[in-house]
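The structure appears below as structure tokens.
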Amino acid sequence: MVKLGSVIVACGMLLLAACGSADQSIAPLADDSQAAVSEAVDAITTFPTELDPRLWNDVALKPEVRDTILGVVDRVVSEADIEGLTVDAVDLFGSNVSYEYDDSSDVGVHVFVHKPGMAAQELSPFLELLNDQVERRQEGRILLNGLPLEVTFHAERTANYRIY
Numbered sequence: 772m773v774k775l776g777s778v779i780v781a782c783g784m785l786l787l788a789a790c791g792s793a794d795q796s797i798a799p800l801a802d803d804s805q806a807a808v809s810e811a812v813d814a815i816t817t818f819p820t821e822l823d824p825r826l827w828n829d830v831a832l833k834p835e836v837r838d839t840i841l842g843v844v845d846r847v848v849s850e851a852d853i854e855g856l857t858v859d860a861v862d863l864f865g866s867n868v869s870y871e872y873d874d875s876s877d878v879g880v881h882v883f884v885h886k887p888g889m890a891a892q893e894l895s896p897f898l899e900l901l902n903d904q905v906e907r908r909q910e911g912r913i914l915l916n917g918l919p920l921e922v923t924f925h926a927e928r929t930a931n932y933r934i935y
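In the numbering used here, each residue carries its 1-based index in the sequence shown increased by 771.
Below, the structure is given as structure tokens:
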């Protein structure tokens with residue numbers, strides 16, 4: 772059951788988006804008909820009931836997707852030129868693992884690493900540089916079944932990072 776407050780907020784967002792367009796040739800998201808408003812609210816409040824079939828077989832990650840992700844991670848780590856950098860975990864995150872994906876979603880990958888003899892705080896600046904380099908190289912050019920692959924490296928899991 773949708774709460775009235777949620778509908779009011781959603782409708783307000785729709786009105787702001789429709790009225791805020793400087794380009795008047797772009798049609799508003801909803802006219803003043805109940806059907807159009809209901810359709811617009813449904814569009815922003817309805818989520819898929821299955822995981823993205825481009826990546827998943829039901830709830831299992833497709834083997835070729837897994838292999839491609841791990842191959843990209845291995846390549847980035849080997850080219851990073853950080854001696855001893857060791858991968859501890861590779862986690863998917865974001866809309867493609869939480870039933871909230873759409874056509875513009877990417878494949879988010881968090882890679883947790885360590886370097887023997889180096890504390891996480893010492894490693895983090897190196898990973899910031901690596902992430903900047905990876906971000907510039909990726910820029911939507913690494914596609915996985917048509918979806919952009921976004922890889923981010925971390926020296927540690929913070930307290931607010933949850934594994935499901």
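Quick reminder that beta carbons are idealized off the backbone N, C-alpha and C, glycines included.
Treat the numbers as computed from the prediction; the structure is a model and nothing was measured.
- By the criterion of at least three beta-carbon pairs nearer than 8 Å, the segment 887-901 is in contact with the segment 850-861.
- Val830 sits exposed, since fewer than 16 C-beta atoms from the chains shown fall within 10 Å of its C-beta.
- Straight through space, the alpha carbons of Val847 and Leu826 are spaced by roughly 21 Å.
- Using a Cβ distance threshold of 8 Å, His885 and Asp862 do not count as a contacting pair.
- Ile913 and Phe924 have their C-alpha atoms roughly 16 Å apart.
- Minimum Cα-Cα distance from Thr929 among the listed residues Phe883, Asn916, Pro887 and Glu906 corresponds to Phe883.
- Judged by their CB atoms, Gly879 and Gly865 are nearer to each other than the 8 Å cut-off.
- Of the residues Leu894, Asn828 and Glu835, the one whose Cα lies closest to the Cα of Thr857 is Leu894.
- Residues of the same chain with a CB within less than 8 Å of the CB of Leu841, apart from the 5 flanking positions on each side, are Val861 in chain order.
- By the C-beta density criterion, Asn828 is exposed, having fewer than 16 other C-beta atoms within 10 angstroms.
- When rounded, the separation of the alpha-carbon atoms in Thr820 and Val868 is 12 Å.
- Note on Tyr932: under 16 other CB atoms within 10 angstroms of its CB, so exposed under the neighbour-count rule.
- The continuous alpha helix (DSSP H) containing Phe897 extends over residues Ala891 to Gln909.
- Between Arg908 and Ala811, the alpha-carbon positions lie close to 37 Å from each other.
- Nearest in C-alpha terms to Pro896, of all of Glu910, Asp874, Ser875 and Glu927, is Glu927.
- A residue is called buried once 16 or more other Cβ atoms fall within 10 Å of its Cβ, and Asp802, having fewer, is exposed.
- Counting along the chain, Glu821 sits inside no alpha helix (DSSP H), nor does DSSP assign it H or E at all.
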